[in-house]
Amino acid sequence: MHFAPSETPEIVYCRDERFRLMIPNETLQTRITEIGSAINEEYDGKNPIFIGLLNGSFIFMADLIRNVTIDCEMDFIKLSSYGAEKISSGQVTEKKGLDAKIAGRHVIVVEDIVDTGLSMRYILEQMAHHQPASVKVVTLLHKPDATRENVQLDWVGFSIENKFVLGYGLDYGQLGRNLAAIYVLDEVS
Ligand code: IMP
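My numbering puts the first residue of the sequence shown at 366, with every later residue one more than the last.
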């Protein structure tokens, strides 16, 4: 997986598996700008707090908040990851909790991808304990066919098929987060 940062390869290999380009960075940025504008309109004067879920959302969060022009704050939570697997373990554990006080605050949870929805359900339950003024959810990607939990998703960047994806913050066994675009596992070889 060696390439110059300015190139967008059609095919990349990660841990010996082949991935093909699914969403180029330009398309991601266009959608993120739209979501940022919607947030600017809805939250003007409310000083929302963005809560990013580590590690996967760090790039999306960075690009999203650079499209947010109103006053806002941010914090991060870290949940357990898939490890080197491509399917969810079905278990959610917290590795880093909230530092910010969110009672009475307008919270926007920022997720990279909602798959089964278990992580999001867990986060929303945790948020509710802290009595925020409101909670909304923005996820860059959603796999509707994989989602078992009935979770509220207020802004979805892209709905995608139920296949493993990589890049733009999302990893496969911790590799591939630095890819500028979203890639999908290429099962036809
Ligand atoms: P869920 O709890 O099953 O919805 O999974 C949420 C988390 O699993 C996401 O925040 C990602 O970190 C990870 N995840 C889910 N699907 C993928 C994928 O296709 N590629 C990489 N990570 C994924």
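Ideal Cβ placement from N, Cα and C applies to all residues, glycine included.
| Query | Result |
| --- | --- |
| Where does the unbroken beta strand (DSSP E) through I478 begin, and where does it stop? | 471-479 |
| Mapping the DSSP letters down to three states, classify L483 as helix, strand or coil. | helix |
| Quick one: what does DSSP say H495 is sitting in, helix, strand or coil? | coil |
| Does any heavy atom of the ligand IMP sit closer than 7 Å to the C-beta of G482? | yes |
| Residues in its own chain within less than 6 Å of I478 by CB, not counting five upstream and five downstream? | L506 |
| Is the segment 537-544 touching the segment 517-526 in the sense that three or more CB pairs, one from each, lie closer than 8 Å? | no |
| DSSP three-state call for L544: helix, strand or coil? | coil |
| Taking the beta carbon of I546 as the centre, do at least 16 other beta carbons fall within 10 Å, making it buried, or is it exposed? | Per the sequence shown, the amino acid found at residue 546 is Ala instead of Ile. When all chains shown are included, A546 counts as buried. |
| In this structure, how does DSSP classify Y408 when only helix, strand and coil are distinguished? | helix |
| Starting from I414, follow its DSSP beta bridges and name the residues at the other end. | E438, V472 |
| Name the two residues that bound the continuous alpha helix (DSSP H) containing F425. | 423-430 |
| Looking only at its chain, what residues have a beta carbon closer than 6 Å to the beta carbon of K411, apart from the 5 residues adjacent to it on each side? | H471 |
| Hey, F523 and I430 are a contact pair by Cβ (cut 8 Å); roughly how many whole angstroms apart? | Their Cβ separation, rounded to whole angstroms, is 19 Å, which puts F523 and I430 out of contact at 8 Å. |
| Provide the residue span of the beta strand (DSSP E) that contains K461, from first to last. | 459-461 |
| Would you kindly check if the distance between the Cβ of D551 and the Cβ of K508 is under 8 Å? | no |
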